[in-house]
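Enquirer: Following this message is one structure expressed as structure tokens.
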Amino acid sequence: MKFFVDTADLDEIREAASWGALSGVTTNPSLYAKTGGKLADFEPHMVEICRICEGLPVSAESTAETTDDMIAEGRRLASLAPNIVVKLPVCTEALAATHQLASEGVRVNMTLVFSAPQALLAARAGARYISPFVGRFDDIGDDGLAQLQTIVAAVKNYTYGYWDEEGGPEIITASVRTPNHVTQAALMGADIATVPFGALKKCVRHPLTDQGLASFAADWAKVTG
Ligand code: G3P
Numbered sequence: 000m001k002f003f004v005d006t007a008d009l010d011e012i013r014e015a016a017s018w019g020a021l022s023g024v025t026t027n028p029s030l031y032a033k034t035g036g037k038l039a040d041f042e043p044h045m046v047e048i049c050r051i052c053e054g055l056p057v058s059a060e061s062t063a064e065t066t067d068d069m070i071a072e073g074r075r076l077a078s079l080a081p082n083i084v085v086k087l088p089v090c091t092e093a094l095a096a097t098h099q100l101a102s103e104g105v106r107v108n109m110t111l112v113f114s115a116p117q118a119l120l121a122a123r124a125g126a127r128y129i130s131p132f133v134g135r136f137d138d139i140g141d142d143g144l145a146q147l148q149t150i151v152a153a154v155k156n157y158t159y160g161y162w163d164e165e166g167g168p169e170i171i172t173a174s175v176r177t178p179n180h181v182t183q184a185a186l187m188g189a190d191i192a193t194v195p196f197g198a199l200k201k202c203v204r205h206p207l208t209d210q211g212l213a214s215f216a217a218d219w220a221k222v223t224g
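The sequence shown begins at 0 in numbering that gives the first Met the number 0 and counts up by one.
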């Protein structure tokens with residue numbers, strides 16, 4: 000299981016990267032809007048994330064609506080840095096754009112995936128990454144982890160011939176809310192979890208670790224006087 004951080008906040012990305020356990024970054028229009036950034040700053044912001052996380056995949060989402068516009072925007076985003084991954088929402092226009100971009104060697108992360116057929120079509124079109132959402136299923140009273148399990152099992156039944164040498168397509172567990180989402184995704188064999196910074200910090204902590212630290216510190220204080 001690889002950990003990506005699901006944020007566009009530069010401080011969060013810097014801190015997560017400093018832990019030495021980060022394998023990538025995902026962003027989306029909502030996460031960028033949360034930083035307060037404006038359109039003119041979007042590309043420099045993505046370039047800065049790519050600089051902080053040199054060599055790690057950084058997903059930058061296209062907001063284009065037609066295949067031609069997605070291809071043009073995808074090419075432009077890909078030209079910003081060698082580690083940019085173009086994020087496209089699953090739809091017919093994006094499948095066609097993914098196919099073209101993949102043939103040019105551009106990595107696409109197909110997002111907003113909620114079903115096995117969507118994921119299988121993304122893989123067949125040439126997506127390098129496929130992002131099924133877990134938490135948003137839970138939000139509507141469905142079982143996001145059960146949905147993820149179906150998607151992982153279906154996608155891993157086949158090979159696709161685009162990104163074999165890189166181990167792709169990799170499944171990014173997205174819309175992660177809790178450490179248990181990470182645990183269960185790992186047990187299912189999902190390749191990656193992209194985790195918001197707050198939930199990522201929760202993954203580091205455990206109440207028994209905190210208790211153990213406090214008792215070690217108290218006992219050591221007896222030793223040192
Ligand atoms: O990056 C896409 C995904 O992780 C969004 O998560 O929490 O908005 O459902 P969320």
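Ideal placement from N, C-alpha and C gives every residue a C-beta, glycine not left out. Treat the numbers as computed from the prediction; the structure is a model and nothing was measured.
Count the other CB atoms within 10 Å of the CB of F215; is the residue buried (16 or more) or exposed (fewer)?
Expert: Translated into the one-based positions of the sequence shown, residue 215 becomes position 216. So F215 ends up on the exposed side.
Enquirer: Would you identify the three-state DSSP class for D67, choosing helix, strand or coil?
Expert: Taking the first residue of the sequence shown as position 1, residue 67 is located at position 68. In the structure shown, D67 sits in a helix (DSSP, three-state: H, G or I).
Enquirer: Can you give the beta carbon distance from G125 to A101, rounded, assuming they're within the 8 Å contact cut?
Expert: Counted from its first residue, the sequence shown places residue 125 at position 126. Counted from its first residue, the sequence shown places residue 101 at position 102. The Cβ separation is near 3 Å, so the contact holds.
Enquirer: Whole beta strand (DSSP E) runs in the stretch 9–55 with 3 or more residues, listed along the chain?
Expert: Whole beta strand (DSSP E) segments, 3+ residues: 21–25.
Enquirer: T97 and V112 - do their beta-carbons sit closer together than 8 Å?
Expert: By 1-based counting over the sequence shown, the position of residue 112 is 113. By 1-based counting over the sequence shown, the position of residue 97 is 98. Cβ distance not < 8 Å, so V112 and T97 don't count as in contact.
Enquirer: Please check the pair R204 and W162, which I expect to be a contact at CB under 8 Å, by giving their CB distance rounded to whole angstroms.
Expert: Taking the sequence shown and counting its residues from 1, one reaches residue 204 at position 205. Taking the sequence shown and counting its residues from 1, one reaches residue 162 at position 163. With a Cβ gap of about 35 Å, R204 and W162 do not count as contacting.
Enquirer: Does at least one heavy atom of ligand 1 sit under 7 Å from the Cβ of F132?
Expert: In the sequence shown, counting from the first residue as 1, residue 132 sits at position 133. Yes.
Enquirer: Can you list the alpha helix (DSSP H) stretches of 4 or more residues lying completely in the stretch 143–169, in chain order?
Expert: Complete alpha helix (DSSP H) runs here, min 4: 143–154.
Enquirer: Three-state secondary structure (DSSP) at D141?
Expert: The residue labelled residue 141 in the question sits at position 142 within the sequence shown. Looking at D141 - three-state DSSP - the assignment turns out to be coil, as it is neither helix nor strand.
Enquirer: What I want to know is whether the C-beta of R135 ends up closer than 7 Å to one or more non-hydrogen atoms of ligand 1.
Expert: Numbered from 1 along the sequence shown, position 136 holds the residue referred to as residue 135. The answer is yes for R135.
Enquirer: Check each candidate in Q210, L38 and I48 and name the one with the smallest Cα separation from T62.
Expert: Within the sequence shown, numbered from 1, the residue matching residue 62 stands at position 63. T62 has its Cα closest to that of L38, out of Q210, L38 and I48.
Enquirer: Examine the Cβ distances between the stretch 195–210 and the stretch 164–171 and report whether three or more of them are shorter than 8 Å.
Expert: The stretch 195–210 is not in contact with the stretch 164–171.
Enquirer: What are the boundary residues of the beta strand (DSSP E) that N82 is part of?
Expert: By 1-based counting over the sequence shown, the position of residue 82 is 83. No beta strand (DSSP E) contains N82, which DSSP labels as neither H nor E.
Enquirer: Consider the C-beta atom of A189 and the heavy atoms of ligand 1; say whether any pair is separated by less than 7 Å.
Expert: Here residue 189 refers to the residue found at position 190 when the sequence shown is read from its first residue. It does not: the Cβ of A189 is nowhere closer than 7 Å to a heavy atom of ligand 1.
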